[in-house]
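J.: Each residue of the sequence shown is one higher than the one before, starting from 225 at the first, in the numbering used here.
Beta carbons: idealized from backbone N, C-alpha and C, even for Gly.
The following block contains the structure, expressed as structure tokens.
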Amino acid sequence: MNVLYAINDGMVIAKRNLIKIKRVPDILVFVLISPIMFVLLFAYVFGSAIQIPGGSYREFLMAGIFAQTVVFGATFTGAGLADDMQKGIIDRFRSLPMSRAAVVLGRTASDVIYNVLTLLIMGLTGLLVGWRMRGSILDALAGFGLLLLFAYSISWMMALVGLIVPSVEVLNNASFMVIFPITFIANTFVPSENLPTVLRVFAEWNPISSLAHATRTLFGNIPPGTPEPTVWPLQHPVIYSIIWAGIVIAIFAPLSVRRYTKAAKKT
Numbered sequence: 225m226n227v228l229y230a231i232n233d234g235m236v237i238a239k240r241n242l243i244k245i246k247r248v249p250d251i252l253v254f255v256l257i258s259p260i261m262f263v264l265l266f267a268y269v270f271g272s273a274i275q276i277p278g279g280s281y282r283e284f285l286m287a288g289i290f291a292q293t294v295v296f297g298a299t300f301t302g303a304g305l306a307d308d309m310q311k312g313i314i315d316r317f318r319s320l321p322m323s324r325a326a327v328v329l330g331r332t333a334s335d336v337i338y339n340v341l342t343l344l345i346m347g348l349t350g351l352l353v354g355w356r357m358r359g360s361i362l363d364a365l366a367g368f369g370l371l372l373l374f375a376y377s378i379s380w381m382m383a384l385v386g387l388i389v390p391s392v393e394v395l396n397n398a399s400f401m402v403i404f405p406i407t408f409i410a411n412t413f414v415p416s417e418n419l420p421t422v423l424r425v426f427a428e429w430n431p432i433s434s435l436a437h438a439t440r441t442l443f444g445n446i447p448p449g450t451p452e453p454t455v456w457p458l459q460h461p462v463i464y465s466i467i468w469a470g471i472v473i474a475i476f477a478p479l480s481v482r483r484y485t486k487a488a489k490k491t
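As structure tokens, then:
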């Protein structure tokens, strides 16, 4: 009963966050413009400089941009919570007869919608620059579903950070310093075998690499004749990505709810 109570309250909070789009449409505009810029920048600036044996760099690129964008997009969760904390909206929520988990649950749930819109815009932009999904429809849907699952897990991590930091600016700077190198020291934009030894090992076990590789596989964007990976995470990228998503949710969901409860008591 408590779980159903929390889910019901969480959906109310999620609705509140989505309604905010109508009142502040600039948020949605910037969320959707940045992935378009990434696709066009990498496709046209780096597309002619990086060669993928037997395949197209633009098809190799899209999975990496999908993975990077959904991870960066997860910071929106932390920013929203940090903003609510800073403006005192959490005080209003505290006075309402609602589940303590509802605010964090609603925030992460509503941001799934942002990620769906982001992936849709990115996919359409990718099609315009020459990307194609060469697998089955079910495989393609599985690829997008995996991206959303992974993004949802990172949202819980960012939720905890958003409840800890004193402002949105601190969250943006802190998350950028961590997420930027993690998403680039991976096979997102270049094959991991092209990296120096130490970075290659890190990239091969980096969950962002497994997410990108799993997405490429499901989209049918692995060129014929590409050598099979020699490390377990890239041999089983879907399973490895799901394991990571499950671990992150299992750790950070209860920590986020506990942190919110403590923050609410202090206000």
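1) With three or more beta-carbon pairs closer than 8 Å as the criterion, would you say the region 393-401 touches the region 363-377?
2) Any chance the region 283-291 sits against the region 345-355, with 3 or more Cβ pairs inside 8 Å?
3) Counting pairs of Cβ atoms below 8 Å between the region 419-437 and the region 323-332, do you hit three or more?
4) Taking Cβ positions, are L442 and G354 nearer each other than 8 Å?
5) Measure the alpha-carbon distance for L435 versus W429 and round it to whole angstroms.
6) Please classify R316: is it buried, with 16 or more other beta-carbons within 10 angstroms of its beta-carbon, or exposed?
7) R483 to V336, Cα distance in whole Å?
8) Please classify P516 as buried or exposed, where buried requires at least 16 other C-beta atoms within 10 Å of its C-beta.
9) DSSP state of A238, grouped into three classes?
10) How would you call M309, buried or exposed, if buried means at least 16 neighbouring beta carbons within 10 angstroms?
11) Which residue spans inside the region 256-309 form an unbroken alpha helix (DSSP H) run of at least 4?
12) Between L305 and chain C, is there a C-beta pair that is closer than 8 Å?
13) Confirm the yes/no value for this check: CB of N445, any heavy atom of the ligand ADP, distance under 7 Å.
14) Who are the Cβ neighbours of R282 in its own chain at under 8 Å, not counting the five residues just before and after it?
15) Would you call W380 buried or exposed, if buried means 16 or more other Cβ atoms sit within 10 Å of its Cβ?
16) How many whole angstroms separate the CB atoms of M346 and G444, which I take to be in contact at a CB cut-off of 8 Å?
17) Which whole-angstrom value is the C-beta distance of V389 and A306, which I expect to be below 8 Å?
18) When you compare only the Cα positions, how much space is there between A325 and M261?
19) Given a cut-off of 8 Å, decide if L372 and V340 are closer than it, judged by their beta-carbon atoms.
20) Could you please give the first and the last residue of the uninterrupted alpha helix (DSSP H) stretch that includes I361?
21) For F284, count neighbouring Cβ atoms within 10 angstroms of its own Cβ and tell me buried if that reaches 16, exposed if not.
22) Going by C-alpha to C-alpha distance, which of T407, T450, A230 sits closest to S433?
23) Under the three-state reduction of DSSP, which class applies to F413: helix, strand or coil?
24) Can you give the Cα-Cα distance for L362 and P448, rounded to whole angstroms?
25) Any idea if M225 is buried or exposed, counting beta-carbon neighbours within 10 angstroms, 16 or more meaning buried?
26) For N232, count the other beta carbons within 10 Å of its own beta carbon; 16 or more makes it buried, fewer makes it exposed. Which is it?
27) Between which two residues does the alpha helix (DSSP H) containing M322 stretch?
T.: Considering the structure as presented:
1) no
2) yes
3) no
4) no
5) 11 Å
6) exposed
7) 22 Å
8) The structure shown has nothing for residue 516, since the chain only spans 225 to 491.
9) helix
10) When all chains shown are included, M309 counts as buried.
11) 281-297
12) Of the chains in the structure shown, none is chain C; there is only one protein chain.
13) Ligands in the displayed structure: none, and consequently the ligand ADP is not present.
14) If you ignore the 5 residues before and after R282, its C-beta comes within less than 8 Å of the C-beta of A267, G271, G350, V353, G354, W355, all in its own chain and listed in chain order.
15) buried
16) Actually they do not touch by this definition, with Cβ atoms about 17 Å apart.
17) 6 Å
18) 36 Å
19) yes
20) Where I361 is concerned, the enclosing alpha helix (DSSP H) stretches over 361-388.
21) Residue burial is scored here from C-beta neighbours: F284 has at least 16 other C-beta atoms within 10 angstroms and is therefore classed as buried.
22) T407
23) coil
24) 21 Å
25) Bear in mind that the predicted position of M225 carries a pLDDT of just 44, short of 50, making it unreliable; the figure below should be weighed with that in mind. Its Cβ having fewer than 16 others within 10 Å, M225 is exposed.
26) exposed
27) Run containing M322: none; DSSP gives neither H nor E here.
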